[in-house]
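Residue numbers (my numbering), protein chains in the order written: chain A, 40 to 291; chain B, 40 to 291. In this text, a Cβ means the ideal position worked out from N, Cα and C, and glycines have one as well. Right, one structure below, let's go through it.
There are 2 protein chains.
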Amino acid sequence: MKRDPDSSKDLSAQIAAAIRDEIMSGKLIVDARLPSEAELAEHFAVSRPTVREALKRLAAQSLIRTQRGATGGAFVNRLSFEEAYGQQITTSTLLLSMNAVSFDVACEARFALERACAPLAAARRRPEHLAQMRREIARQSDPALSDEDFCASDVALHRALVDGSGNPVLSYHLAGAVEAMQPLMNMITFTARSRGAIIDLHSRITDAIEAQDAGSADTALCELADYTMTLGRDVMAARSTRAADHSRGTPD
Amino acid sequence: MKRDPDSSKDLSAQIAAAIRDEIMSGKLIVDARLPSEAELAEHFAVSRPTVREALKRLAAQSLIRTQRGATGGAFVNRLSFEEAYGQQITTSTLLLSMNAVSFDVACEARFALERACAPLAAARRRPEHLAQMRREIARQSDPALSDEDFCASDVALHRALVDGSGNPVLSYHLAGAVEAMQPLMNMITFTARSRGAIIDLHSRITDAIEAQDAGSADTALCELADYTMTLGRDVMAARSTRAADHSRGTPD
DNA sequence: TGAAAATAAATTGTCAGACAATTAGCTTCC
DNA sequence: GGAAGCTAATTGTCTGACAATTTATTTTCA
């Protein structure tokens with residue numbers, strides 16, 4: 040375990056990288072205990088605060104966990120699916136919001152991936168997945184629901200569909216794609232008519248999944264993708280029209 | 040910007056969470072400068088080392104970057120696709136290696152997602168994507184190539200295919216799925232025969248993408264998925280047979 | 001006057017040492 | 001035997017200091 044001496048990075052970054060390599064290469068296995076902070080400080084010839092900064096970097100990625108007390112220390116953490124979901128969602132959401140990713144591109148990616156899950160979900164969905172989807176459809180049918188909650192329910196329904204594939208790795212990869220769309224969807228104002236259309240498509244998808252009819256599910260998903268993109272384009276068009284009006288001095 | 044007072048987490052984790060919320064909610068926009076460490080320490084009523092640990096946590100997730108000097112400080116970082124790829128790959132690789140995910144499950148997820156890219160790639164692939172794929176096929180045809188390099192080239196080919204979809208968000212989501220398979224693929228010993236079969240399928244896929252024939256590309260991808268899973272199952276079978284022999288005391 | 005050089009100021013990076021809080025294990029006492 | 005207390009190890013946090021780096025300002029000199 041050695042840090043790169045002629046690196047331009049911070050000491051704490053170098054040390055974090057050295058330990059990360061040990062973990063990713065399998066030299067440090069799950070639940071293995073790292074040397075104490077004092078020992079690491081001595082080993083790398085740095086001070087304890089510097090070691091601590093390095094450890095916090097690793098903790099931020101859920102690579103280690105720490106425990107106080109006599110038998111405490113830093114331990115290699117088994118990255119759980121839950122933690123991985125969380126990181127996936129954080130990264131995906133920021134990537135989309137910070138890079139001016141167009142609604143169309145994000146939507147295309149999301150539905151392309153979701154369509155990949157549909158056949159598996161149709162084959163393997165279990166009663167709880169169907170129940171979850173029906174529950175969300177019921178929620179969405181409440182006209183008192185705010186646009187934001189409508190989007191949240193939309194996300195929940197789609198995650199249930201993805202989970203129906205019975206492949207946790209697939210669920211993990213899709214988590215970011217589905218959740219990161221929520222902020223973009225929140226820009227849309229859902230009229231009673233558009234809600235009705237979406238709920239109708241959600242019902243068709245759920246019915247198809249229940250009937251294990253992958254073809255119908257795919258068709259409905261494609262229609263939903265088209266419809267969602269249309270809504271997105273309408274918002275963009277309205278926005279640019281308003282901006283143009285503003286620049287010409289037209290009142291609101 | 041306030042930290043949760045009755046949280047069981049570390050102070051540095053609470054502060055990191057508070058700042059992360061500000062970034063994710065958009066209150067701190069890209070390139071905005073955070074208060075200096077001394078100011079943050081005063082604001083949160085903690086010491087500077089604690090603030091620094093919090094900032095390192097955020098830096099580990101590429102949420103901020105720091106700069107020394109008079110006009111330096113911590114700035115909200117625009118999460119680039121490159122950085123997001125990296126985090127995606129790290130997380131995916133660890134998730135698979137630490138959770139005893141079966142080869143089949145990981146493989147199924149990967150090919151399901153990749154099949155979702157194929158139609159888009161067939162429609163939009165550009166010459167550089169085809170060239171990259173051909174180049175990797177040529178590399179793979181060299182019998183002197185080690186198994187590890189063969190896998191690396193395999194990953195490179197599939198990433199070129201994914202990038203051919205022309206959707207960077209899709210490429211981002213697939214990066215983890217494709218790259219994280221590499222350690223699992225490395226467990227397989229590729230015979231000349233299996234290499235030939237794989238290269239043949241790679242060629243068919245590339246030809247189909249070049250001909251913009253999404254159907255043929257999908258068929259070849261499915262065959263490749265089946266073949267890869269067969270190889271994986273053979274390895275597992277051989278391994279369990281050997282283990283059983285060992286437990287009965289049979290010599291190697 | 002203009003440009004180069006020196007200086008000052010602000011900020012992060014690093015260090016040393018200390019004490020608090022927590023936890024496991026051991027010891028002592030009943 | 002069990003409960004209470006003590007001890008040791010370890011992480012969590014604080015204080016204060018100095019080094020390194022970068023920008024802005026001032027001074028100096030041609």
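On the three-state DSSP scale, how would you describe residue i?
i, result
"R278 of chain A", "helix"
"G112 of chain B", "strand"
"M40 of chain B", "coil"
"R117 of chain B", "coil"
"P182 of chain B", "coil"
"S255 of chain A", "helix"
List the residues of chain B that residue i touches, going by C-beta distances under 7 Å, in chain order.
i, result
"K95 of chain A", "S51, E92, K95, R96"
"A123 of chain A", "T130, L134"
"G155 of chain A", "Checking the sequence, you will find Ala at residue 155 of chain A rather than Gly. Those are A151, L152, R154, A155, listed as they occur along chain B."
"P74 of chain A", "Those do not exist, as P74 of chain A stays about 19 Å from chain B at its closest Cβ, beyond 7 Å."
List, in order along the chain, the chain B residues whose C-beta lies closer than 8 Å to that of residue i?
i, result
"N206 of chain A", "V144, E147, A148, A151"
"H107 of chain A", "Correcting the residue identity first, residue 107 of chain A is Arg in this sequence and not His. Neighbours of R107 of chain A on chain B: none; closest Cβ ~10 Å, over 8 Å."
At 9 Å on the CB atoms, spell out the chain B contacts of residue i, in chain order.
i, result
"V140 of chain A", "P207, V208"
"Y266 of chain A", "What Y266 of chain A touches in chain B: nothing, since even the nearest Cβ is about 19 Å away."
In chain A, what lies closer than 8 Å to residue i by C-beta?
i, result
"V69 of chain B", "M137"
"P166 of chain B", "Near P166 of chain B there are no residues of chain A at all, since even the closest Cβ is about 22 Å away, more than 8 Å."
On the DSSP letters alone, give me the boundaries of the alpha helix (DSSP H) that residue i sits inside.
i, result
"I58 of chain B", "50 to 63"
"R174 of chain B", "166 to 179"
"S104 of chain A", "Note that residue 104 of chain A is Arg in the sequence shown here, rather than Ser. That residue, R104 of chain A, is in no alpha helix (DSSP H); its beta strand (DSSP E) goes 103 to 106."
"I237 of chain A", "231 to 249"
"M137 of chain A", "120 to 137"
"A155 of chain B", "142 to 163"
"M226 of chain A", "First-last for M226 of chain A: undefined, no H or E at that position."
"D70 of chain A", "D70 of chain A -> no alpha helix (DSSP H), and no H or E assigned at all."
"D188 of chain B", "186 to 202"
"P207 of chain B", "207 to 218"
"S84 of chain A", "First, the residue type needs correcting, since residue 84 of chain A is Ala and not Ser in the sequence shown. Here A84 of chain A belongs to no alpha helix (DSSP H), and DSSP marks it neither H nor E."
Chain A beta carbons: is any one of them nearer than 8 Å to that of residue i?
i, result
"L159 of chain B", "yes"
"L118 of chain B", "yes"
"A99 of chain B", "yes"
"M226 of chain B", "no"
"A56 of chain B", "no"
"Q126 of chain B", "yes"
"P182 of chain B", "no"
"G271 of chain B", "no"
In the DSSP assignment, find the unbroken beta strand (DSSP E) run with residue i in it and report its ends.
i, result
"R87 of chain A", "Not the beta strand (DSSP E): R87 of chain A falls in the alpha helix (DSSP H), residues 87 to 99."
What separation, rounded to the nearest whole angstrom, lies between the Cα atoms of residue i and residue j?
i, j, result
"R278 of chain A", "T269 of chain A", "14 Å"
"A276 of chain B", "I248 of chain A", "34 Å"
"T110 of chain B", "S75 of chain A", "36 Å"
"R91 of chain B", "A77 of chain A", "19 Å"
"A264 of chain B", "L213 of chain A", "20 Å"
"A175 of chain A", "F189 of chain A", "It should be pointed out that residue 175 of chain A corresponds to Glu in this sequence rather than to Ala. Rounded to whole angstroms, E175 of chain A to F189 of chain A spans 9 Å at the Cα level."
"A191 of chain A", "A148 of chain B", "25 Å"
"S233 of chain B", "V201 of chain B", "23 Å"
"A216 of chain A", "E81 of chain A", "43 Å"
"R72 of chain B", "Q127 of chain A", "25 Å"
"Q221 of chain A", "D239 of chain A", "20 Å"
"R178 of chain B", "A57 of chain A", "31 Å"
"F120 of chain B", "S210 of chain B", "9 Å"
"A157 of chain A", "R173 of chain B", "32 Å"
"A162 of chain A", "A151 of chain A", "19 Å"
"N206 of chain A", "Q106 of chain B", "43 Å"
"D291 of chain A", "M224 of chain A", "Because D291 of chain A carries a pLDDT of 45, less than 50, the predicted location of this residue cannot be relied on, and the following value inherits that uncertainty. Cα to Cα, D291 of chain A sits roughly 24 Å from M224 of chain A."
"T130 of chain A", "K95 of chain A", "18 Å"
"I54 of chain A", "Q171 of chain B", "36 Å"
"T258 of chain B", "Q100 of chain A", "38 Å"
"D49 of chain B", "L134 of chain B", "25 Å"
Find the residues of chain A that neighbour residue i, judging by a C-beta separation of less than 9 Å, and give them in chain order.
i, result
"M220 of chain B", "Within chain A, no residue comes near M220 of chain B; the closest Cβ sits about 10 Å away, beyond 9 Å."
So that I know if they touch, is there some Cβ in chain B lying closer than 8 Å to that of residue i?
i, result
"G215 of chain A", "yes"
"M40 of chain A", "no"
"H212 of chain A", "yes"
"M275 of chain A", "no"
"M63 of chain A", "yes"
"S279 of chain A", "no"
For the ligand ZN, is there a heavy atom less than 7 Å away from the beta-carbon of residue i?
i, result
"S119 of chain A", "As for the ligand ZN, it is missing from this structure, which has no ligand bound."
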